[in-house]
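Inspection log for the structure reproduced underneath, given as structure tokens.
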Amino acid sequence: SESLTVAELAKKLGREPSEVIKKLFMLGAMATINQELDKDTIELICAEYEVEVEEEIIVDKTDLEVYFEPEDENLNQERPPVVTIMGHVDHGKTTLLDSIRHTKVTAGEAGGITQHIGAYQVVDDNDKKITFLDTPGHAAFTTMRARGAKVTDLAIIVVAADDGVMPQTVEAINHAKAAEVPIIIAVNKMDKPSANPDRVMQELTEHGLVAEAWGGDTIFVPISALTGDGIDSLLEMVLLVSEVGELKANPARRAIGTVIEAELDKGRGSVATLLVQDGTLKVGDPIVVGNTFGRVRAMVSDTGRRAKEAGPSTPVEITGLNDVPQAGDRFVVFEDEKTARQVGETRATSALQVQRSEKTRVTLDNLFDQL
Ligand code: GDP
Ligand code: MG
């Protein structure tokens, strides 16, 4: 689509969004950070910064989505929810993630956890799956969202019952609200004598999160990430809330999804953890990932096992890409390698051009600074 939000344009220009908003204001237009700008406005702003609008700046946004044609919705099936855990530092996010992983994954896996890939899936007693993103919380959440990726279906916000609502709690709430994902509050550290869950409930009402017990509609689950108490009810609530959301995908089609993390491995080359969001990803699939492409050479599951395919909401680590993509990049599987190569190469070229034009601009800026 031929539009960018104020934030996206600012990023491309290497400016602060507030600065772009100011420019727009001076041009007589009121805009908010997430506002979509049309082509003409983008050109106007670029002119202000003496940046030539290359078609790529606009086309670059073209989410790989355009190569993912709509299909018969009747083929859609229920898919597991993808959950992000957020909260203030030291309130127990890592402990909770570990606790869930160990109680639920290790039990069914003879080899236990051999690999850590930034996301994992658990299966409850009724065979229902939940995918957890094991990202360093807020940063990953915002990076992904800034890149236009929506990967999370539900946010668990951890609040320590002995500490209450803290700045990063509020930040987490705001992220979840901005992303329009449902929130479940895990009131953690209930094993501590100083735990005061009522205080947490009280403080959260000030942020529009009113507990069901108090006539609101926010689910609060008292837990102890340390002892494991309450984790089963937490997972139950996650499944309950996601059922309302009717999360669906079609496992029978070619995959599309988002990069969770990626790096260059000395032995294996480009290694990327992908979250399949629709369709099924298979070994051998020709794939475009962000501005790179390749063929899925090998896949490793969250438990470190070789996998041949990965269905909707499944995190998987792949090798076989030409280059290292970025967290938040989208990926799409193509029917044939030739098209994947074409699309990948075109995207890589335009990304380079954008980079170059940014470089030139920066140089110009430096020149101005020196004058
Ligand atoms: P994070 O910064 O949110 O990832 O927090 P951590 O998971 O690293 O936990 C911070 C500290 O709180 C660690 O010392 C944990 O052992 C402790 N902790 C986490 N959850 C609980 C809990 O349920 N009860 C108690 N008593 N301590 C906890
Ligand atoms: Mg942590």
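In full-length UniProt numbering, each residue carries its 1-based index in the sequence shown increased by 188. Here a beta-carbon is modelled for each residue, glycine too, at the ideal position from N, C-alpha and C.
Check                                                                                                                                               : Outcome
Tell me, to the nearest whole angstrom, how far the beta carbon of Q356 is from that of A450; I am working on the premise that it is less than 8 Å. : Their Cβ separation, rounded to whole angstroms, is 26 Å, which puts Q356 and A450 out of contact at 8 Å.
Determine the DSSP secondary structure at N438, reduced to helix, strand or coil.                                                                   : coil
Which residue wins for smallest C-alpha separation from Y234, given the options R267, K199, V254 and S287?                                          : One detail in the question is off: residue 234 reads as Cys in this sequence, not Tyr. The shortest C-alpha separation from C234 is found at K199.
Taking 8 Å as the threshold (C-beta atoms), are G275 and V347 in contact?                                                                           : yes
Anyone know if the C-beta pair for A498 and N264 falls short of 8 Å?                                                                                : no
Whole-angstrom Cβ separation of V369 and T340, contact assumed at under 8 Å?                                                                        : 5 Å
Closest to T415 by C-alpha separation, out of S501, R535 and M378, would be which residue?                                                          : M378
What do you reckon, is the C-beta of K377 under 7 Å from a heavy atom of the ligand MG?                                                             : no
At a threshold of 7 Å, does H279 count as lining the ligand GDP (C-beta to nearest heavy atom)?                                                     : yes
Can you name the start and end residues of the beta strand (DSSP E) that V409 belongs to?                                                           : I407 to P410
Is residue 579 near the ligand MG, in the sense that its beta carbon is under 7 Å from a heavy atom of that ligand?                                 : This structure leaves residue 579 out entirely; the chain is present only between 189 and 559.
Could you please give me the residues that DSSP links to V426 through a beta bridge?                                                                : Paired residue(s): none; V426 is not in a bridge.
Given this structure, state the Cα-to-Cα distance separating G532 from V488, to the nearest angstrom.                                               : 23 Å
If you follow the alpha helix (DSSP H) that A195 is part of, which residue opens it and which one closes it?                                        : V194 to L201
Three-state secondary structure (DSSP) at S501?                                                                                                     : coil
So, T406 versus I371, is the Cβ gap smaller than 8 Å?                                                                                               : yes
Mind checking which residues open and close the beta strand (DSSP E) that includes L215?                                                            : No beta strand (DSSP E) contains L215, which DSSP labels as neither H nor E.
With respect to 7 Å, is the separation between the Cβ of L414 and the closest non-hydrogen atom of the ligand GDP below this value?                 : yes
Can you tell which of D350, K470 and T502 has its C-alpha closest to the C-alpha of E523?                                                           : K470
For my contact list, D322 and L284 are in at a C-beta cut-off of 8 Å; report their separation, rounded to the angstrom.                             : 11 Å between Cβ atoms; not a contact.
For G352, name the three-state secondary structure that DSSP assigns.                                                                               : coil
Taking C-beta to C-beta, are V484 and D473 nearer than 8 Å?                                                                                         : yes
When every heavy atom of the ligand GDP is checked, does at least one fall within less than 7 Å of the C-beta of V346?                              : yes
Hey, would you say the C-beta of G275 is under 7 Å away from at least one heavy atom of the ligand GDP?                                             : yes
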